[in-house]
Amino acid sequence: MFSISFIVVCKKWELRFSIRKARDYREFMEYTADNFSDKLVMLILEKLELLRRDPLKYAREKLGRDKYNNPMFSIKVTGDIRILYSVDQKNCIVFIWEIGSHKKVYGHDP
């Protein structure tokens, strides 16, 4: 008996926003503009571009699983600001779940 396994390599990752107040890119931009300074918005967009290129490159510590059973991770934007995301490797999708302070994202201070 033998088993076959393979690794799915995504050439392009799709970002999907699952933040309560932002379900698509337009709503996400409005949400970030309303909640963060212009400088932070630019840093957030830079991190999202990194995740769009290769979300697993920045996945250091698995934080559990999302509601679709995908592994969850976070990426640091600044000392206190994080982006909580999950990765669906089969469908090449990065779900963005939360953006905010350490306390908002993880539910407690560091």
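All residue numbers for the sequence shown refer to the working numbering, where the first residue is 138 and numbers rise by one. A virtual CB, placed ideally from N, CA and C, is assigned to each residue, including glycine. These numbers were taken from a predicted model, which means no experiment stands behind them.
For residue i, which residues of its own chain have a beta-carbon under 8 Å away from its beta-carbon, when the five flanking residues on both sides are left out?
i, result
"Y222", "L188, P192, M209, F210, S211, I212, V231, F232, I233, W234"
"R197", "F210"
"Y272", "This structure cannot settle anything about residue 272, because the visible part of the chain is limited to 138 through 247."
Please classify residue i as buried or exposed, where buried requires at least 16 neighbouring CB atoms within 10 angstroms.
i, result
"T169", "buried"
"V214", "buried"
"K184", "buried"
Tell me which residues share the same chain as residue i and place their Cβ nearer than 7 Å to its Cβ, disregarding the 5 neighbours each side in the sequence.
i, result
"D171", "none"
"C229", "C147, K149, W150, E151"
With H, G and I counted as helix, E and B as strand and the rest as coil, what does DSSP make of residue i?
i, result
"D86", "Past the edges of the chain, shown from 138 to 247, lies residue 86, and the structure says nothing about it."
"A196", "coil"
"V214", "coil"
"R219", "strand"
"R157", "coil"
"F232", "strand"
Please determine, among the options, the residue with the shortest C-alpha to C-alpha distance to residue i.
i, options, result
"S155", "G216, Q226, I220", "I220"
"K194", "Y243, I181, V224", "V224"
"C147", "L180, Q226, Y243, R202", "Q226"
"G216", "L180, L200, G244", "L180"
"A159", "R190, I236, G244", "I236"
Can the beta-carbon of residue i be found closer than 8 Å to that of residue j?
i, j, result
"L177", "I218", "yes"
Beta-carbon within less than 6 Å of residue i's beta-carbon, same chain only, minus the 5 sequence neighbours each way: which residues are those?
i, result
"G201", "M209"
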